[in-house]
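Participant: Handing you a structure now.
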């Protein structure tokens, strides 16, 4: 592989040099008026000079928040309740073992509001192959395969209260340097989500769990609940998804670092490519990318044309890492609810617009948002901060897909992308009272919404009195005309125990499809929805007009015990208008396939009931393979 990687790298650098030489305004940074630094020898630029090479739209600016030696190998980041940036530094790359090494979790803080860090704290420095970090519930959550750790810091003094506690073990770290468990982020439903590459497949479980009780995880999305202390696979597939984020309606999206680059993350879905995964032997067909475009030339051969002018013109290359759905309040409205992804070959940030299509979405390529003229730039992660500006990590290296030969362990940068001069907002969400936390559910910047919701969840879990919180949230849910605010209230009520199954069941008949969809999901959270709710879901499946709702019902189908699925399954597969939807036939199949073990004759009868030809084919095939 390495000779090919070197050839690819040389082709990229040569073409990039040509592009720089022929660009009429090669020294002008879009929007900022700063002068770019010529780098014909591809030598390492200083962090500040690298920032000056970055092209962004008019009105935006890129500034250095931190650079080496204060930060090196920044593979992941998150932002805490005080607006401080926590960075996972992977010094071990590309050699991964299960032994402690010198990977670090550091804290970077801007105390004077000038947009640059002026305080650095090493929180913990004895990790191995760290690949993700998130804070909450009195400590720090760290992905460090084969372990998923929690490092307690109950008093918030930035000193661990104890050694890291292994929450889960069994995460794979035996194959290549890239495809493994990574990225952590809090979802709107109170779960901590992570993504997972295929090659380093895993068998996660609590320490001591016997092999026969572990489930093989071969890539996709997984999640962990900090209160219930449980984990589960959320969606299966892709080659190497890295990162997850949600739009204003709570729909999740993941990137893929190889091949098609963007997927709508649906609970219970199986995604391309298959690659003969044990986990999806009977899935038969997997859900495809939502992107209506590619960022590489050469058709099926993703490496053909890497570094060519043609590829650069269409967005830079086949490898994407990190994802951000912008929901801040600093950037112009035109960017809200659009998707941003690092393109590691193109040294740029791609921007996709989301459009509803049937039960899901189509993503269309917009003009690339950011291009770095620094050949060392290699973006990995994104996060929006309290000012509404966006922070990005730069691995700062050369090579194709994180070349294992060209790793420079002394480099790394974090840049801030803002529109104009953002307002500095000193903040500490943990110091706010419950009324203020509820009010923040209406904030324009989703950073405040997410952090306030998680703090409310923490206080509820700690036993705080929440009746006033629930009353105020119900007020928002019932009276606020904005459906995204209603959803925020619903999620906050859910994570704080402010809704019961009777209330949720009533919302299955809500006038808005997003409320109905999310209600079905929340009712099946514990995999035991009440019988009346299942009957209402069946009515929605039979008579409802929304394909989005039926998508969530299809996910719910997998979370109902098989013996109780039959009627709902029959209603769903009887909708002939869903036959050509990009998600629904396959999601229906994933839900009904296990029924072959419940009642074979009844399973066969589904072939006569269904109005979807693909399902008839799959049922026949599955029976033949039994």
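In my numbering, the protein residues as written are 535 to 1160.
Backbone N, C-alpha and C fix where the C-beta goes; we use that ideal spot for every residue, glycine too.
Return the residue from the list 619, 620, 621 and 636 that minimises the CA-CA distance to residue 627.
Facilitator: 636
Participant: Starting from the Cα of residue 1077, find the closest Cα among 1095, 1090, 1042 and 1059 and give me that residue.
Facilitator: 1042
Participant: Using 10 angstroms around the beta-carbon of residue 535, count the other beta-carbons present and answer buried if the total reaches 16, otherwise exposed.
Facilitator: Here the model assigns residue 535 a pLDDT of 39, short of 50, so the residue's position is not dependable, and the following value carries that caveat. Exposed is the call here.
Participant: CA-CA distance, residue 1139 and residue 1095?
Facilitator: Taking the straight line joining both Cα atoms gives about 19 Å.
Participant: Are there 16 or more other CB atoms within 10 angstroms of the CB of residue 947, so buried, or fewer, so exposed?
Facilitator: buried
Participant: Can you check the stretch 781-829 for any beta strand (DSSP E) of at least 3 residues that lies completely inside it and give the ranges in chain order?
Facilitator: With a minimum length of 3 residues, the continuous beta strand (DSSP E) runs that stay inside the stretch 781-829 are 786-789 and 796-799.
Participant: What distance in whole Å lies between the Cβ atoms of residue 851 and residue 877, which are believed to be in contact at a cut-off of 8 Å?
Facilitator: 6 Å
Participant: Write down every uninterrupted run of the beta strand (DSSP E) in the stretch 901-962 whose length is 3 residues or greater and which is fully enclosed by it, in chain order.
Facilitator: 904-906, 913-918, 924-928 and 947-953
Participant: Scan the stretch 1066-1133 and note each continuous alpha helix (DSSP H) run of 4 residues or more that stays entirely inside, going in chain order.
Facilitator: Here the runs fully enclosed are 1081-1091, 1100-1107 and 1118-1126.
Participant: With DSSP collapsed to three states, give me the class of residue 1051.
Facilitator: DSSP, reduced to helix, strand and coil, places residue 1051 within a helical segment of the structure shown.
Participant: Looking at the strands, I want to know which residues DSSP matches up with residue 602.
Facilitator: Per DSSP, none; premise fails for residue 602.
Participant: Are residue 989 and residue 1032 closer than 8 Å when you measure CB to CB?
Facilitator: No, the Cβ-Cβ distance between residue 989 and residue 1032 is not below 8 Å.
Participant: Can the beta-carbon of residue 889 be found less than 8 Å from the beta-carbon of residue 875?
Facilitator: no
Participant: Check this for me: beta carbons of residue 895 and residue 798, under 8 Å apart or not?
Facilitator: Cβ distance < 8 Å, so residue 895 and residue 798 count as in contact.
Participant: Only counting the same chain, and skipping five residues up and downstream in sequence, which positions put a Cβ closer than 8 Å to that of residue 1038?
Facilitator: 1053, 1056, 1057 and 1067
Participant: Buried or exposed: residue 717, going by 16 or more other Cβ atoms within 10 Å of its Cβ?
Facilitator: buried
Participant: Looking at the structure shown, is residue 1145 part of a helix, part of a strand, or coil, going by DSSP?
Facilitator: coil
Participant: How would you label residue 1134, buried or exposed, when you count the other beta carbons within 10 angstroms and need 16 or more for buried?
Facilitator: exposed
Participant: From 906, 954 and 773, pick the residue whose C-alpha is nearest to that of residue 931; which is it?
Facilitator: 906
Participant: Does the Cβ-Cβ distance between residue 767 and residue 714 come in under 8 Å?
Facilitator: no
Participant: Taking one C-beta from the stretch 648-665 and one from the stretch 960-974 each time, how about it: are there three or more such pairs within less than 8 Å?
Facilitator: no
Participant: Please list, in chain order, all residues of the same chain as residue 985 whose beta carbon is under 6 Å from its beta carbon, the five residues on each side excluded.
Facilitator: 615 and 963
Participant: Given this structure, state the Cα-to-Cα distance separating residue 589 from residue 623, to the nearest angstrom.
Facilitator: Approximately 26 Å, taken between the alpha carbons.
Participant: Taking DSSP as the reference, what is the three-state secondary structure of residue 530?
Facilitator: With the chain running from 535 to 1160 in the structure shown, residue 530 is simply not present.
Participant: Starting from residue 899, trace the beta strand (DSSP E) both ways and give me its first and last residue.
Facilitator: Start and end: 894-899.
Participant: Does the beta-carbon distance from residue 658 to residue 686 come in below 8 Å?
Facilitator: No, Cβ-Cβ distance for residue 658 and residue 686 is not below 8 Å.
Participant: Name the DSSP bridge partner or partners of residue 681?
Facilitator: 678
Participant: Counting only the same chain and skipping the five closest in sequence on each side, list residues whose C-beta sits under 6 Å from that of residue 926.
Facilitator: Same-chain partners within the cutoff: 913, 916 and 949.
Participant: Quick check on the burial criterion: 16 or more other C-beta atoms within 10 angstroms. Buried or exposed for residue 1142?
Facilitator: Per the 10 Å Cβ criterion, exposed.
Participant: Since residue 874 is in the alpha helix (DSSP H), which residue starts that stretch and which ends it?
Facilitator: Careful: residue 874 lies outside any alpha helix (DSSP H), inside the beta strand (DSSP E) at 873-877.
Participant: Comparing C-alpha positions only, which one of 800, 829 and 672 sits nearest to residue 761?
Facilitator: 672
Participant: In whole angstroms, what separates the C-alpha of residue 561 from that of residue 846?
Facilitator: Confidence in residue 561 is poor, its pLDDT being 24 and thus under 50, which makes the residue's placement unreliable; the coordinate value appears in the next sentence. So the two alpha carbons sit approximately 18 Å from each other.
Participant: Three or more C-beta pairs under 8 Å: does that hold for the stretch 1072-1088 against the stretch 819-832?
Facilitator: Fewer than three Cβ pairs drawn from the stretch 1072-1088 and the stretch 819-832 lie within less than 8 Å of each other, which leaves the two stretches out of contact.
Participant: Considering only the alpha carbon of each residue, which of 617, 738, 683 and 814 lies closest to residue 663?
Facilitator: 683
Participant: Report buried or exposed for residue 955, applying the criterion of at least 16 other Cβ atoms within 10 angstroms of its Cβ.
Facilitator: exposed
Participant: Give me the Cα-Cα distance between residue 724 and residue 981, rounded to the nearest whole angstrom.
Facilitator: 15 Å
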